[in-house]
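The sequence shown begins at 217 in the numbering used here and counts up by one. Ideal Cβ placement from N, Cα and C applies to all residues, glycine included. Remember, predicted model here, so these are calculated numbers, not experimental data. Take a look at the structure below.
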Amino acid sequence: MPVTLSQFAQSLTVETAFTVLAVAKSLQAQGKDVVELEIGDSPFDSTLSAKSTGVSAIQENQSHYCPSPGIPAFREAAARFVQNEF
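The structure is reproduced here in structure tokens:
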């Protein structure tokens, strides 16, 4: 029996992150040095600081998604860092 999809379901497209991943893979195939961070899976091991901070966050029940724009204090710190570095 054929499946009929709603107009909304038919209008869905690929998640942008997967498009970026495809570009990264293409660049790697061309011999480019690419560090993939587009889907949140770093190729590097977590640092001890990141691990201990993650454990602390879980113990403090800070285990839910943050607002989509990010955590305001982190955004401000990141903006200051970029302004100072670049």
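Going by C-alpha positions, ASP249 is about 47 Å away from MET217. A straight line joining the alpha-carbon of GLU276 with that of ALA245 spans about 43 Å. For VAL219 and LEU228, the gap between their C-alpha atoms comes out near 16 Å.
Excluding residues up to 5 positions away in sequence, VAL251 and GLU252 lie with their Cβ nearer than 7 Å to the Cβ of PRO259 in the same chain.
DSSP places VAL230 in the coil class of the three-state scheme, outside both helix and strand.
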